[in-house]
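Visitor: In the numbering used here, the protein residues as written are 39 to 113. Cβ atoms here follow ideal geometry from the backbone N, Cα and C, with glycine treated the same way. Before I ask anything, let me first share the structure, which is written out below as structure tokens.
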Amino acid sequence: MNLKHVSTVAMLLVVLGALNWGLIAFGGLFLDGTDLNVVELVLGSWPALVQFVYLLVGASGLWVGYDAYKSMQKK
39 MNLKHVSTVA MLLVVLGALN WGLIAFGGLF LDGTDLNVVE LVLGSWPALV
89 QFVYLLVGAS GLWVGYDAYK SMQKK
């Protein structure tokens, strides 16, 4: 897997993480506090896997930020 693929997967994870946070906020604001955390709904019976997904999303955010910084330095 080359760095272009890593960047693509990282961006996908960042977008999915952002959508998950948006759903959490939506449920809290408009659905009387309903928990719409998709990661926990899908993987809730495996807490270690839930934490690993959160770790991957966080690391992906760092990667995307670094990738954006590198792109700005080239200009």
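Between which residues of its own chain and Asn-75 is the CB-CB distance below 6 Å, once the five residues before and five after are set aside?
Guide: These residues qualify, in order along the chain: Ile-62.
Visitor: Look at the Cβ atom of Trp-101, then the Cβ atom of Val-53, and state whether they are nearer than 8 Å.
Guide: no
Visitor: List the endpoints of the continuous alpha helix (DSSP H) containing Trp-101.
Guide: 85-112
Visitor: Given Val-77, which residues of its chain have a CB within under 8 Å of its CB, disregarding the five upstream and five downstream residues?
Guide: Leaving aside the five residues that flank Val-77 on each side, the residues in its chain whose CB is nearer than 8 Å to its CB run, in chain order, Asn-58, Val-88, Val-91 and Tyr-92.
Visitor: Tell me whether Asn-58 sits in a helix, a strand or coil according to DSSP, three-state version.
Guide: helix
Visitor: Please return the same chain residues whose Cβ sits closer than 6 Å to the Cβ of Gly-55, not counting the five positions on each side in sequence.
Guide: Only Val-95 meet the Cβ criterion.
Visitor: Starting from the Cα of Gly-103, find the closest Cα among Asn-40, Ala-48, Gly-60 and Thr-72 and give me that residue.
Guide: Residue Ala-48 is the option with its Cα nearest to Gly-103.
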